[in-house]
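In structure tokens:
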């Protein structure tokens, strides 16, 4: 429709914006104005898609800067609101409503209109993904861009409200298209082939996704569940176990539901709560399928533990506190196995060991490193914070949901990836259904982390032995 | 769950409200606060449903009055905004955002949370139906209630945005549940039995509905279409014609699409644009099924014409202008047929005639009344206004959509209902697809009605002959 | 395609047959012959459908007479088979196979080919319905027509084999088309309106049908089930009870499944076992839905009882044995109520009473007639036979399936129809799942009827009191 | 259910057979006998599945030998039929019917009953696969086993009659289960991964399958179609072309439908016509989707050509006719390229070349071998016969369907498999819809092969140059 050579040209940006981002109607006419023709929205979408990354940035900056709130209008109404204080309530309410209306950015209307055309919602989700990328890469972090992002986020929150989402159970009978997507999106424990994915939707497994009317066939957030006898302490038993692939489920062997992977698929929906609600819906679904089921828990990775540990070891070395993190006995083991001298050399050997994942082939090291790595990991999860909340993003997610930090599991993910990320340790965040809402509030408002005795015990060992 | 005797008691209203309408988090904590437990929303819903009509009114008044905007906070921030004028834009944007947040009524959050629980959206749609009923019956028309209504309407507008609606074609293969509902909802030309409804979804007919993810199986707005050779001028040929019930459609006989009935089913979605969008979507659908199709038109009833005419006749009589509405020749015919004296007696006879629908059995009357009733009706549709827009609601709907007032049809609905409502006259509002958006804007902004020569001719005859 | 005037002409019949009923290939070429073109089958179908009833009869007679088995060929091979006696087994098997092949009627191939074209199977089902009608009306009962009928029946039996049928549960979500058909087909307890049919697929009810790949959307046999606390003794409580229409089912109140209506919809599938298999499949279905359910029973009408009783009374009167059927006490009651003299007048009065259904409005008559009508009815069901099997067709059906004649219920169907058909009596045939196959064999092979003590008691009372 | 050790024991075979293969009812009782309990069929199935291959053979031999036709009964009735000659036709028909009945093998009933239980039809399909395997491996080729096979085949033919099959179009939206199966079954051009299969159901491709009510989710025969501008002469362009994977189809570029792969999936349905009917149904489907489409053709492999050629070369060498197959000029080229002496050495070199597929890397050889290999291949397809029909099974299939041997394509399949099987040559069998039924009859009855001028030209070149 557009000659490709010209659409991205500089001056056309302004033209397109002027044409498509129509002026806000007056307050009086706000319900009397017919929507602009659909072609407006389509033109905007087509133009934006034709732009290169840097051009998009420029375009969005213009949009957010030149088509936002009319500050003059807003301040006039603010003044008027002050004038009405003491007047009758009807007048106050009226002015408040006008003021609220005047605070609407002009581009908000455009976003709403775009949401109504075919493919519009998906377009806005992807546009927001761009905004997030620009912000996170610090290319652009203007207050106007933040305003645009937050306006768009609040619109997306309405449209992706839980009441409008559809829970779908994914099975081997689901359309191939959706199963292929789920295979691709699975970032936590990658899917290698048809048998892998068949396993994850087969007996003793459940796979659920939220989909949305505006993006049919597109799973927004995917939750993989294993149905087990006890709360699983090992991921290989879940994703690499094919014995039961054609078995019938024996309901008597199903006592626990293990959430072993949850993936969001749309970068542009960052900050729009979906995973949390998906877990809650799935719990309800499972309770109705297995009324006797009482144990719900994640089996979660601990991304970042290894690099945090490397950092901590480096820091100790630099500060000459090489011997603090492990007990004397533990250091002795390291020295023995690695044939190094005490102090810095042993510490350096330990760093190398952890860096190379080789220690996993030595039963002796596996055994001797366990207490130290477990308590360090417990501290990393429980004690390391960012703005007062858990530094580890997976922990933060489950704690926000109201889960309890329940059990650290040694040798839980012995895949190269698992060793490299977290020395093979995984953690169960357990959902005690009676407690999740109080836990969630305590965490979000008071930054209080609910943890089990095992975790608290490891943390206190760490505190005793280390002076981090 | 609640003992019925106590829940509706006076003091429990306040308790329930205090408990369920939680305080707005501070601006800083607005993204940090976990949603209140679902049970809050469920309790509110259950309580409300248990109330009688008058109790509901009382309850909503309390809600809107005591849990709205915090005026003090808003005015403080308005003052702050005035202070920041001249400061850097980041500061201004920040204060604007805080001000916007402070203008959020406290109950808005509750409404959002309710929308997320099962059946929540439907609950809110029904609650708004109550609000509208209270407002229209003038029982309650406080500014707070208007604010609540408008807050709820804007939320519903987001949730029922077109991008989230699903177009469904209803056929004889559709679930019985949905067909029964469509039969019940059809208010324009009532459905009498299975054959009637089978006809309306059979060959040479189309029936479309919008449904929504949050209310599965519930058609929100239903459009009935007849596929005809020419633009139909008669409804009986559409709803009472069963000859083609088992025929195969002959695509060569399909040149026009006649929208002969459109019904909204949810009182609580008043003001949320659905019908307009449904017509547009259906036009697209039909164009892709019948690429050669070029004529789109409604065949619409004219509710209110007869009673308006009765009123006008009464008024003329009272004002002693008995002879104005008809020409001399026309009055003579009436006098002849009814055996009455000229002037008031003839006018009275005419009123009676129209009131009883008996004239329809006299070919002579049918013939002699046609010119007068047609020009009166044209005036009623084109000239009678309410706040500048067409008084007749059906006309107003199609004119807003950008249709042209195209043709009045004599003897178009000879059912008792049709005679009683509009002396058997129906009107085509025609959709010229190239023009609808300009027509719509001209009507909504400048109150300009696009009409055909036939209609304008009748109007001008009326203006010449009558001095209404 | 055919000019209607000429197709049905006499000589064209022979032409059509000669053209479409191709010669059987030789035994050697039987797998080498390509099927005739589809147009052959279509021509035959079109021609047949264009014929009037009497022409169809003539046409089928020609088909069956002139295009059947080649008797000469068959007898030649029969002779050859006799010659091979004593020869090696391979030779014998070969001749047997040739003989079997020679006994194939030539029209059998045509029927098979028709079954392969679109709508072909349905065509053959309807053609067989014609055959059955001709046979039953004795218009034509030639041995050739019987052969054609039996050939077609055996083909239909293969195609409608249970393994090829699909069990569908019909609900209020099923396509309207199928629910309308089910309403129409329901002959036992007619469906009056939407609410009626909604009731029969709603809570505490199940409706199942067999459908077949070759006739999509067409239920072949329909079974209505009520889920009750005890074995129901009254039909009005099932089909006229709307209290639970929107209730949720309480699984604790479901102890029994009552088959209260079973209807075959295709006259042409007479003799092809479907109902029997449907009941068995449904029992399995219900057992898996309600594992604790242990009672399965019909609640069946007794068509023909009233007219049998009228006949019996007439016979007694004629034979001057007026007083035999009732006890002295019972006659006295009749005389009292009707004010008639003993003997023939009383008997005549009784006949009239039963004929008019008026007795149902007299509590006294209801009470006094009960013992006599119950034991007469028991005898009718248990003792009256046709070729050794139960005369009553419903009884015969359930007994063939292996059910037990379990309980007669007084005042079980008080609808006018129920009173007129069977004096309001209904019967439960109960399915004891462990016994059905032995019961069925005992009935079919030895004509033995399994009945409960209640039924046997009534029969023995009848035998004592009456000398029918 | 069965102790595994004992079920396969010798004497239990006879017991199982005696128990489950019940005696045929007498002619008079044939409609009066209730079916044996389902458990009979289930027991037979379970037992058979528990057997090892050799035990199955023994078991089936017993079944076919001891539970077949009652020869004495049949010969008695044959004698009776001879006696009735000259009697009235009713008597003759009666005896014929009895004779026909007596020729039913006793096991036929069992097979019918098995078909009615869940999974029964699939069991019989697999059982017949065993029978076919036994027969083809010459382990067992008794006349009784042949009878059993032919009885079972005729039953399967009824059950898998075309009217009972469902055509399904397979797309990327189809259940993953079915797509995985189709990937596995594709034997002609193997599917390597998700992208491969996505390609084969994507734009410009169609994939159709027949499924059957008794084996849900199981495609029985699968046809892959490419939609092209011209009749394709190369398979890599079809299965390795991904450029259009996400394109929209341009209907103007679709003039031809190329059947490039057809696979039967059930060994046990050998001889039951499915592929033929699938092609016909798909042609109808495509004609209704693309009314202007006029070219239908296969692009078929030529399995067996290379080995036939090897054999022919070997034969020539042995017979000292080394120089016959190629022209002098052609031999010279071979000698040049391979550096061999004329005569036997050159022929040996040629054999080796063809055996190793190396020649494909030499443009010169590709060029110089083309005429010879093309005419040899044309002869192989057209001239080589088995019992008078084309030796090549793919050719035989399409010729039976009425296709024309239309075009040989050089370098049409350059995959290793294609070179190894047929020197890279493929052939189009073209379907001229007006001719297929006459072609089919001419081929099947008179063994006449319809071929194009190109093919006939090559054949005649071969005949001139070679003295095979």
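Residue numbers (full-length UniProt numbering), protein chains in the order written: chain A, 1 to 468; chain Y, 1 to 468; chain C, 1 to 468; chain E, 1 to 468.
All C-beta atoms, glycine included, are put in the ideal place defined by N, C-alpha and C.
Strictly below 7 Å CB to CB, what residues from chain C border residue 25 (chain Y)? Walking along the second chain from the start, residue 25 (chain Y) turns up at place 25. Result: empty, since nearest Cβ-Cβ is about 38 Å, beyond 7 Å.
Short of 9 Å Cβ to Cβ, which residues in the segment 440-458 of chain E face chain B? Checking the listed chains, one finds no chain B in this structure; the protein chains it contains are A, Y, C and E.
Buried versus exposed call for residue 203 (chain C) [16 or more other C-beta atoms within 10 Å across all chains shown]: Here residue 203 (chain C) corresponds to residue number 203 of the third chain, with the count starting at 1. Exposed is the call here.
Mind checking who residue 385 (chain A) pairs with in its DSSP beta bridge? As a first step, residue 385 (chain A) must be located in the first chain, where it is residue number 385. DSSP output for residue 385 (chain A) lists A:390 as bridge partner(s).
Can you grab the Cα-Cα spacing for the pair residue 219 (chain A) / residue 298 (chain A), in whole Å? Residue 219 (chain A) sits at position 219 when you count from the first residue of the first chain. Residue 298 (chain A) sits at position 298 when you count from the first residue of the first chain. Answer to the nearest angstrom: the Cα atoms are 21 Å apart.
Nearest-angstrom beta carbon gap, residue 422 (chain C) and residue 302 (chain C) [assumed within contact, 8 Å]: In the third chain, counting from the first residue as 1, residue 302 (chain C) sits at position 302. In the third chain, counting from the first residue as 1, residue 422 (chain C) sits at position 422. Yes, they are in contact, since the Cβ atoms of residue 302 (chain C) and residue 422 (chain C) sit about 4 Å apart, within 8 Å.
From what residue to what residue does the alpha helix (DSSP H) around residue 107 (chain C) run? Reading the third chain from its first residue, position 107 is the one you call residue 107 (chain C). Note, residue 107 (chain C): alpha helix (DSSP H), 106-116.
Could you spell out where the alpha helix (DSSP H) holding residue 176 (chain C) opens and where it closes? Counted from its first residue, the third chain places residue 176 (chain C) at position 176. 176-185 is the span of the alpha helix (DSSP H), which, as asked, contains residue 176 (chain C).
Please list the partners that residue 321 (chain Y) has in chain A, where partner means a Cβ-to-Cβ separation under 7 Å. As a working note, residue 321 (chain Y) is residue 321 in the second chain. Under the 7 Å cutoff, chain A gives no residues; its nearest Cβ is about 36 Å from residue 321 (chain Y).
Express the C-alpha separation of residue 163 (chain E) and residue 209 (chain E) in angstroms, rounding to a whole number. For the purposes of this step, residue 209 (chain E) is identified with residue 209 of the fourth chain, where counting begins at 1. For the purposes of this step, residue 163 (chain E) is identified with residue 163 of the fourth chain, where counting begins at 1. Going from the Cα of residue 209 (chain E) to the Cα of residue 163 (chain E) covers about 14 Å.
Cross-strand partners of residue 222 (chain A) (DSSP beta bridge): Locating residue 222 (chain A) in the first chain gives position 222, counting from the first residue. According to DSSP, residue 222 (chain A) bridges with A:209 and A:263.
Measure the alpha-carbon distance for residue 293 (chain A) versus residue 254 (chain A) and round it to whole angstroms. For this step, residue 293 (chain A) is matched to residue 293 along the first chain. For this step, residue 254 (chain A) is matched to residue 254 along the first chain. Near 7 Å, if we compare the C-alpha coordinates of residue 254 (chain A) and residue 293 (chain A).
Between the segment 10-20 of chain Y and the segment 380-398 of chain A, are three or more C-beta pairs nearer than 8 Å? no
Per-residue DSSP class, three states only, for residue 429 (chain Y): In the second chain, the residue the question calls residue 429 (chain Y) occupies position 429. Looking at residue 429 (chain Y) - three-state DSSP - the assignment turns out to be strand.
For residue 334 (chain E), which option in E:440, E:388 and E:359 has the closest C-alpha, if you only look at C-alpha atoms? Looking up residue 334 (chain E) in the fourth chain gives position 334. With distances taken between Cα atoms, residue 334 (chain E) lies closest to E:359.
Does residue 176 (chain A) have its Cβ less than 8 Å from a Cβ in chain E? The residue you call residue 176 (chain A) lines up with position 176 of the first chain. Judged by the 8 Å Cβ criterion, residue 176 (chain A) is in contact with chain E.
Looking at C-beta atoms only, is the number of pairs between the segment 274-286 of chain C and the segment 303-321 of chain C that lie closer than 8 Å three or more? no
Quick check on DSSP: helix, strand or coil for residue 406 (chain A)? Within the first chain, residue 406 (chain A) is the residue found at index 406, counting from 1. Three-state result, residue 406 (chain A): strand.
Cβ-based contacts, 7 Å cut-off: residues of the segment 152-182 of chain Y near chain C: 172, 173, 174, 175, 176, 177, 179 and 180
Quick one: list the residues of chain A neighbouring residue 92 (chain Y), beta-carbon separation under 8 Å, in chain order. Your numbering for residue 92 (chain Y) matches position 92 in the second chain. Within 8 Å Cβ-Cβ: 71.
CB of residue 137 (chain A) within 8 Å of CB of residue 272 (chain A), strictly: The count along the first chain starts at 1 and reaches residue 137 (chain A) at position 137. The count along the first chain starts at 1 and reaches residue 272 (chain A) at position 272. Contact: no.
Under a Cβ-count criterion, where at least 16 other Cβ atoms within 10 Å of its own Cβ denotes burial, should residue 176 (chain A) be classed as buried or exposed? Residue 176 (chain A) sits at position 176 when you count from the first residue of the first chain. By the neighbour-count rule (16 or more Cβ atoms within 10 Å), residue 176 (chain A) is buried.
Measuring CB atoms only, is the segment 21-31 of chain C touching the segment 118-134 of chain C, in the sense that at least three cross pairs come out at less than 8 Å? no
Specify, as a first and last residue, the run of the beta strand (DSSP E) that residue 249 (chain A) falls within. Numbered from its first residue, the first chain carries residue 249 (chain A) at position 249. Note, residue 249 (chain A): premise wrong, no beta strand (DSSP E); not H, not E.
Starting from the beta carbon of residue 100 (chain A), find every residue of chain Y whose beta carbon is closer than 8 Å, and list them in chain order. Position 100 of the first chain, counted from the start, is the residue given in the question as residue 100 (chain A). Result: 100 and 103.
Does DSSP put residue 75 (chain A) in a helix, a strand or coil? Taking the first chain and counting its residues from 1, one reaches residue 75 (chain A) at position 75. Looking at residue 75 (chain A) - three-state DSSP - the assignment turns out to be helix.
At a Cβ threshold of 8 Å, is residue 194 (chain Y) touching chain C? Mapped onto the second chain, residue 194 (chain Y) falls at position 194. Residue 194 (chain Y) counts as touching chain C.
Can you give me the start and stop residues for the alpha helix (DSSP H) that residue 437 (chain Y) sits inside? Translated into the one-based positions of the second chain, residue 437 (chain Y) becomes position 437. Here the alpha helix (DSSP H) through residue 437 (chain Y) covers 436-446.
Can you give me the start and stop residues for the beta strand (DSSP E) that residue 295 (chain C) sits inside? As a position in the third chain, residue 295 (chain C) is number 295, starting the count at 1. From DSSP, the beta strand (DSSP E) with residue 295 (chain C) extends over 295-298.
Residue 406 (chain E) and residue 452 (chain E): beta carbons closer than 8 Å? Position 406 of the fourth chain, counting from 1, holds the residue named residue 406 (chain E). Position 452 of the fourth chain, counting from 1, holds the residue named residue 452 (chain E). Cβ atoms of residue 406 (chain E) and residue 452 (chain E): closer than 8 Å.
Taking only three categories from DSSP, how would you classify residue 360 (chain C)? Numbered from 1 along the third chain, position 360 holds the residue referred to as residue 360 (chain C). It is helical.
Classify residue 248 (chain E): buried if its beta carbon has 16 or more other beta carbons within 10 angstroms, exposed otherwise. Along the fourth chain, read from residue 1 onward, the residue named residue 248 (chain E) stands at position 248. Exposed, since its Cβ has fewer than 16 Cβ neighbours within 10 Å.
Using a Cβ-Cβ distance under 8 Å, would residue 285 (chain E) count as near chain C? Sequence index remark: in the fourth chain, residue 285 (chain E) carries index 285 (1-based). For residue 285 (chain E), the answer is no, since every Cβ of chain C falls outside 8 Å of its Cβ.
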